[in-house]
Structure formats: C-alpha cells, structure tokens
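Protein chains in written order, with the working numbering: chain R, 1 to 145; chain B, 1001 to 1145.
For every residue, glycine included, the Cβ atom is placed at its ideal position computed from N, Cα and C.
Worksheet: one structure, shown below.
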DNA sequence: GTATGTGCAAAGGTTTTGCCCCAAC
DNA sequence: GTTGGGGCAAAACCTTTGCACATAC
C-alpha cells in the first residue's frame, strides 16, 4: 500500500543522517493511511488523533525533512495551499475547474520525449508533472443542464 | 510582443462586463514589459514606479479579474508564492532545482495524447501544464566541479 | 447617477523562526 | 553526553476583506 513500506522510514531517515522520531513516522503514516493530497493542516488534525501533543510546526518541519529525503512530494494542485503526496511511480493529475476533484492518471507520455527535451535544452530532468485542467463529467452536466 | 495586443485590454474587459480602469491596464502592461513569471509583489513594485498610489490589494484584485477574463494565467513554479504570465500559445516550464531558473519550451507532446486522456477519463481538458524539474547545465557543473 | 472599482487598514490563513527543553543516537 | 528535534508562542508572509470615497460607464 504505502510506497515506502519496502524500506521502513526509520531506515531511510537514518541513512540520510536524520533521526527517526515517532513524530516523523506518524506524519508519514498519516499521509499513507488517509490518502494523498493532504495539506499541512489536514495532516496535523489527523495525526493529532494519535498524538494530541503534536505541534503544527513539527508537521511543517517534518514535511521539509520528508521532502529532503525524497519520501514525499509537494503538489500545487490549485490556487490554494500546498499539498503533499507519497512519492511513487510518476502519475499526474487532472483537476476539475468546477468542483476541484482530482483524478490521477499514470504517466502516458513517452520517456523518450522527456529525454529529447533534456538533450535539447541541456537540462538533466529528474521529475515531470503534467497537470491537466478542465471539467469532469458531472460538472459538464450541471453546466449544460 | 504582448499576447493581448491584437485586442486591446480595455475592449476585452468591457466585453466581459468589467470596467477598463487605468490600474488594470497598467498591471497588464507591467507583466508585458517586465517579462512573465512575476508574483503579486513584484508586479506591485514595478507598477508603482508609474503609479505610486497603486495599492497591493488592487494588484490582487486585478489579477483575479485578468484571470477571469482569460488574459493571464497563474503558475505554481516552485514552493513559493503564485506567479503569473500572459496567456499565450501553450508553453511549458523546466525549473532548475539548483538555481530556480525557468526555461520555457513549446508544447511538443501531441495534442492527440491529451485528447485521448480526456476521452479515457471523460474529462473536458481546457489546459495542460507540463512542469519538468531537474538541473540546468551550470548547476550540474557546479555540483560536479 | 449608479454600480463597480480603488485605497487604506485590518484581518485571515499559511508557513517560518527563536528559544528552551527533551529524546534519539 | 551530544546534538538534532519538538513544543510553544510569536513573527513573517501572502492574500483577502470591509469600508468609505472615487470614477468608468
């Protein structure tokens, strides 16, 4: 289920020279168990159910650490605040301009294309995000109806 | 030069039922003349050179209006705040993880692909953003050197 | 003339920071 | 025992809002 479960997070953290604290483990578990696309405040609220003393600043600091060790990734899905997801195989997002719903889809555009772009601009590409905006079926119906 | 110059902004605004105020024209000119990827505060500082009384809230409100009438577009290039650019032909961004430099490139991946994705997920796609992250030539040199 | 837009100041929400104590190593 | 990490509160930021006045139409 969790993308990181093959290597426990404690190990990943220690290998990166960071300490494996219960807060860090909890925050990552929270992201795993409650689905992706959570923002800092949502992670905070959910995690506090298990650890009522957790502070919001710890959530932010942990997010930084988890980003740094490459376990999670920051998303900018819509105009609002930052959201996070566990780093997995490249998938991308369709965001409905009507209701805000996010549909994930697997990377369909060729590795070759990205490789060519890297060559052309002398740029070593380490990640690709394709965001599509538009209207989902329900919103289109509402609008036409 | 400016993408909107074919139709003056005043006309676009009026056609959308909004008033064409000097502030709105100035803010769009500022984006045009100073290049894209500006954030609200940068637009504010630059525009105030010509109109010292301009307020930051007007910049934010104007950004909303210009987005609404489809003249500019919001970008989420990096972790920081929102940036804006004049809406033109679809181009995408390579963002250097080292120095933050942004390279623009034209949409090279097939319209067909996007069309197929829309069909598959029953989603009417109105816009596509491809963001590539990685390292530019200079940063790679610095890192290896 | 009227409704929409602006400036100002204040509020709101998100994210960061300083400081001191605590716990992972 | 050290050093990095956490909690708390305050600050810093970015963005939005309320209100009274101004101005585009």
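message: Taking a contact to mean a Cβ-Cβ separation below 8 Å, would you say residue 126/R touches residue 1097/B in this structure?
response: yes
message: Judging by CA-CA distance, which residue of 1115/B, 1118/B, 1025/B is the nearest neighbour of residue 1071/B?
response: When C-alpha distances from residue 1071/B are compared across 1115/B, 1118/B, 1025/B, the shortest belongs to 1025/B.
- prompt: Roughly how far, in whole angstroms, is the beta-carbon of residue 105/R from the beta-carbon of residue 1103/B, given that I think they are within contact range, below 8 Å?
  reply: 25 Å between Cβ atoms; not a contact.
query: Taking 8 Å as the CB-CB limit, is residue 119/R close to chain B?
result: Output row for residue 119/R: interface = no.
field: Sheet register partners of residue 1103/B (DSSP bridge)
entry: 1094/B
query: Between residue 3/R and residue 88/R, what straight-line distance do the alpha-carbon atoms span, to the nearest angstrom?
result: Confidence in residue 3/R is poor, its pLDDT being 49 and thus under 50, which makes the residue's placement unreliable; the coordinate value appears in the next sentence. Taking the straight line from one Cα to the other gives about 6 Å.
query: So, is residue 1030/B buried or exposed, given that buried needs 16 or more other C-beta atoms within 10 angstroms?
result: buried
field: Neighbourhood of residue 10/R by C-beta distance below 6 Å, restricted to the same chain and skipping five residues each side
entry: 20
task: Could you name each continuous beta strand (DSSP E) segment of 3 residues or more that falls completely within the region 55-81 of chain R, going from the start of the chain to the end?
output: 72-75
query: So what does DSSP say about residue 41/R, is it helix, strand or coil?
result: helix
- prompt: Using the C-alpha atoms, what's the distance from residue 134/R back to residue 142/R?
  reply: 14 Å
- prompt: Going by Cα to Cα distance, which pick from 1112/B, 1128/B, 1067/B is closest to residue 1082/B?
  reply: Selected option, being the one with the closest Cα: 1067/B.
query: How about residue 1130/B and residue 1076/B: do their beta carbons lie closer than 8 Å?
result: no
Residue interval of the beta strand (DSSP E) (run including residue 137/R): Unbroken run through residue 137/R is the alpha helix (DSSP H), 137-144; no beta strand (DSSP E).
- request: Could you check if residue 1136/B is buried or exposed, using at least 16 other CB atoms within 10 Å of its CB as the buried criterion?
  value: buried
- request: Locate the alpha helix (DSSP H) running through residue 233/R, then write down its first and last residues.
  value: Absent from the model: residue 233/R. The displayed extent of chain R is 1 to 145, so no value can be given.
query: Does the region 1038-1046 of chain B come close enough to the region 1054-1061 of chain B to have 3 or more Cβ pairs within less than 8 Å?
result: Result yes; three or more Cβ-Cβ pairs closer than 8 Å.
field: Limits of the unbroken alpha helix (DSSP H) element including residue 111/R
entry: 111-121
query: Between which two residues does the beta strand (DSSP E) containing residue 83/R stretch?
result: Counting along the chain, the unbroken beta strand (DSSP E) around residue 83/R starts and ends at 83-86.
message: Check this for me: beta carbons of residue 128/R and residue 90/R, under 8 Å apart or not?
response: yes
field: Partner residues on chain R for residue 954/B, Cβ-Cβ distance less than 7 Å
entry: Absent from the model: residue 954/B. The displayed extent of chain B is 1001 to 1145, so no value can be given.
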